Every structure is written in structure tokens, then in C-alpha cells.
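Chemist:
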Amino acid sequence: MSEAVRLVEVGARDGLQNEARSLPASVRAGLIERLADAGLTHIEAGAFVSPRWVPQMAGTDQVLARLPKRPGLTYSVLVPNERGLSAALAAGASEVAVFTAASEAFNQRNINCSIAESLARFEPVLAQARAQGVPVRGYVSCVLGCPYQGDVPVAQVVRAASGLARLGCHEISLGDTIGAGVPSAVRQLLSACATELPLDQLAVHFHDTQGMAVANCLAALEQGVRVFDSSVSGLGGCPYSPGATGNVASEELVYLFEGLGLNTGVDLDRLVAAGDFVDRHLGRATQSRVARARHAANTTINSEKT
Ligand code: HMG
Ligand code: MG
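Just so you know, the sequence shown maps onto residues 4 to 309 in our numbering.
1) Entirely within the stretch 223-285 and at least 4 residues each: give me those alpha helix (DSSP H) ranges in chain order.
2) Just the C-alpha distance for L205 and L177, rounded to the nearest angstrom, thanks.
3) Can you tell me whether DSSP reads H208 as helix, strand or coil?
4) Buried or exposed: where does L34 fall if 16 or more other Cβ atoms within 10 Å of its Cβ makes it buried?
5) Measuring straight from C-alpha to C-alpha, what distance separates S79 and G42?
6) If we ignore side chains and look at the alpha-carbon of each, how far apart do R24 and A91 end up?
7) Taking DSSP's pairing of strands, which residues face H45 in a bridge?
8) Helix, strand or coil, according to DSSP, for L193 in the structure here?
9) Would you say G171 and L129 are within 7 Å of each other, going by their C-beta atoms?
10) Using a threshold of 6 Å, is the CB atom of N113 nearer than that to any non-hydrogen atom of ligand 1?
11) Residues in its own chain within less than 6 Å of Q159 by CB, not counting five upstream and five downstream?
12) Taking the beta strand (DSSP E) that L70 falls in, what are its first and last residues?
13) Report the partner residues of G166 according to the DSSP bridge assignment.
14) Could you check what DSSP says for R175 in three-state terms: helix, strand or coil?
15) What residue from G14, V57, Q213 has the CA that sits closest to H45's CA?
16) With R295 and T289 assumed to form a contact (beta carbons below 8 Å), what rounded beta-carbon distance in angstroms separates them?
17) When the Cα atoms are used, what is the spatial distance from A7 to C196?
18) Determine whether the beta carbon atoms of I175 and A164 lie at a separation below 7 Å.
19) Taking Cβ positions, are A96 and Q65 nearer each other than 7 Å?
20) Contact defined as beta carbons within less than 8 Å: I believe G278 pairs with V235. What is the distance between those atoms, to the nearest angstrom?
21) Quick check on the DSSP output: the beta strand (DSSP E) that includes F102 runs from which residue to which?
22) How many angstroms separate the CA atom of Y142 from the CA atom of F102?
23) Can you tell me whether DSSP reads R140 as helix, strand or coil?
24) Taking the Cβ atom as the reference point for each residue, do E261 and V293 lie within a distance shorter than 7 Å?
25) With a 10 Å radius around its C-beta and 16 neighbouring C-beta atoms as the bar for buried, classify H173 as buried or exposed.
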């Protein structure tokens, strides 16, 4: 059995929250079912945030209600506060995620409070989730740059990530929200974080704004990270990060890791089909080069048959 890496599929949340067209719960659930059928075991299903701030995530309770519960399959949702947690628990989420930032300016615009206030807000969220036996993931945004503040000192990332770990987050995802990083910066960041946190508690979350996301994932892999956030078809962005594009495409990571002999447990053809499904509903073209290459190869094979 080859060594394993784990993908956390965030397309139905991080991706769809930034698409101009809001998709109904039935289509969002249809996407998530297809992702699960492709072999993804950790899927973000939505967010219990203000529908005024992020209208695309309204109806996350209806999405969860439609999803088949299967052993070994985790449906996670973002919650910014206790109200979000109550809604997530009532809807049957199997994991929740809290989110803060390494940049004060970004945190204010994203969740309307300082970093310290957000950590204080999360304290009762983690206590209640623990009491219900629901694991909590933590996100730190702007780990390699901020759209409002520019450079972000590594020490601020380490402080925010350690704060989330102290509260009890089982996994901390480091988000390059604006896709500013390059591999050397990723290595520096992970080395700094590893002085305070075990590497197996860290995940990475790269947006692909400058086309560096795959290279950054490889750098993180070489540093010892084994959990990677990605979006099918490269869906995504962040509504509070102007100009940020989608997450690294899940198809690219499956192709990369399987090519390196690492087991993802994901069937690439089914994953591409899940991306085609959501792209049809959004009226967009895939941002995944792997998906594009497969489409082109299938077109050639079919034209040779006729
Ligand atoms: P606020 O204005 O400070 O708080 O917003 P509030 O308590 O005054 O509430 C404002 C409104 O939200 C009220 O409704 C509340 O009822 C409602 P209104 O009076 O306007 O009708 N409300 C809620 N509604 C539903 N669910 C809730 C909830 N709480 C309050 N849980 C708040 C604070 C956090 C609510 C707001 O700022 C918010 O919802 N922000 C959402 C931010 C967001 O979702 N951003 C995108 C996700 S983060 C991300 O993408 C980065 C990541 O991918 C990593 C990376 O790439 O870096 C994770
Ligand atoms: Mg993101």
C-alpha cells in the first residue's frame, strides 16, 4: 500500500461562495454526492454565515439534509460564531470549521472583528462542539500576504495558528488567500509553524492566483504536510479578497500525487465528471488543466471511433 495524502475538497464552499451565480441546494448536494462517489472523504458542504454577507451559502442546512450519511465520510461546514455552530449541529454536520486570519485588516473585513476577538468568539464554539463530540478544524487566512495589508509577518501566522490549536482545533489549515506565495516562502512558513505545532496537525490551502499553487503544494509535501485543501475544477476565490482566483484544482493534486506514487483514494475520471456537472450548472469553463486534457483526449478518441 502506497503512502497516503488526504484531500479536503472545498469546492462546494470556497468555490461556490465566490461564484456570481448562486446554485440551489439540490445542485450543491448533487455536486457533493458526485465528489463522494469519486472517493473524496473530507468534503466542505457549505457555511453557516450571514446570508447578507455571503448569499451563495444560504440554504446550507438544505444541502446537508439531502446528503447520504456514510461511514468514513466527513461533511464539514464553516461557522463564524455560536449561532452558526447551533445551526450546523441541528443540520447534522460531522465537522465544523472556524476561521480567523494572520492579518487584522482582512479579519475585520471578513468577519468584522479583530483576531483576538475572533479567538474569544471561538472559545464557546469549541467547548460546545467538544461536548457534542464534533471535531473542529481551524483556518488561518492571509498566511503569505494580505489583499489590504500586503506583507504578513510569519510570526503573526504562527500566533494565530497556535491560538486555534490551544482552543482545541484538531487541524489547522494555512490559507494563502490571495495566492501570493512561492515555494521558498511556503518552506519558510512551515518551518516557522513547525516550531510551535506538529506538522501532522497542519493542512495547506492554496489559491492559484499566480499559478503557483501546485508548486506550493509540492513544497509543502516535501516539508512533511499530508493534508491539502483543493476545489474541483478550480472553483473558487474569496468574496473578501478582490482578485483572488480559485483554489488549486483537485484534479491537479490527484494527478500530481498519484504520479508521485502517493495514494489519494480518488478516481480521477469521476472527479472530472463531478467538475463537469458543476461547471454546466454555473455556465463556466473548467480551470483545471488536467480536466481540459482529459476532455481533449476523449474528443480525439471519440472522433477516431466515428
Ligand atoms: P456582524 O455584522 O459583525 O455580526 O457579522 P452580527 O452579529 O451583527 O450579525 C450580522 C447579521 O448576520 C445579522 O443579520 C445576524 O442575524 C446575521 P441581519 O441583521 O443583517 O439580517 N448572523 C448570521 N446569520 C447566519 N448565520 C450566522 C450568523 N451570525 C450572524 N452564523 C459575521 C459577523 C461573522 C456573521 C459576518 O461577518 C459573516 O457572516 N461573515 C462571513 C464571512 C465569510 O463567510 N467569508 C468567507 C469564508 S472565509 C474564506 O473564504 C477563507 C478560507 O477559504 C481560507 C483562505 O482562503 O484564506 C477559509
Ligand atoms: Mg480559501
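Where is the CB? At the ideal position from N, CA and C, for every residue including glycine.
All of these numbers come straight from a predicted model, not from anything done at the bench.
Modeler: Looking at the atomic coordinates:
1) Every alpha helix (DSSP H) of 4 residues or more that sits fully in the stretch 223-285 is shown, in chain order, as 253-262, 271-285.
2) If I take the Cα positions, the gap works out to 7 Å.
3) Correct three-state label for H208: strand.
4) Taking all protein chains in view, the Cβ of L34 is crowded by 16 or more other Cβ atoms within 10 Å, so the residue is classified as buried.
5) Distance between the alpha carbons of S79 and G42 is about 16 Å.
6) If I take the Cα positions, the gap works out to 24 Å.
7) Answer by DSSP bridge pairing, in chain order: V11, T77.
8) For L193, the three-state secondary structure derived from DSSP is helix.
9) With contacts defined by Cβ atoms closer than 7 Å, G171 and L129 form a contacting pair.
10) Yes, the Cβ of N113 comes within 6 Å of a heavy atom of ligand 1.
11) Counting only Cβ-Cβ distances below 6 Å, and skipping sequence neighbours, we find A105.
12) Here L70 belongs to no beta strand (DSSP E), and DSSP marks it neither H nor E.
13) Beta-bridge partners of G166 (DSSP): none assigned.
14) Sequence inspection shows Ile at residue 175; the Arg mentioned does not correspond to that position. Reduced to three states, the DSSP call for I175 is strand.
15) Taking only the C-alpha atoms, the option nearest H45 is G14.
16) Between T289 and R295 the Cβ distance is about 6 Å, and since that is below 8 Å, they are a contact.
17) Rounded to whole angstroms, A7 to C196 spans 22 Å at the Cα level.
18) For I175 and A164, yes; Cβs fall inside 7 Å.
19) Not in contact: A96 and Q65 (Cβ atoms no closer than 7 Å).
20) Distance from G278 to V235 at the Cβ level is roughly 5 Å; contact confirmed, criterion being Cβ atoms closer than 8 Å.
21) Per DSSP, the unbroken beta strand (DSSP E) holding F102 starts and ends at 98-104.
22) Looking at the two C-alpha atoms, the distance is approximately 5 Å.
23) Strand, per DSSP.
24) For E261 and V293, no; Cβs fall outside 7 Å.
25) Per the 10 Å Cβ criterion, exposed.
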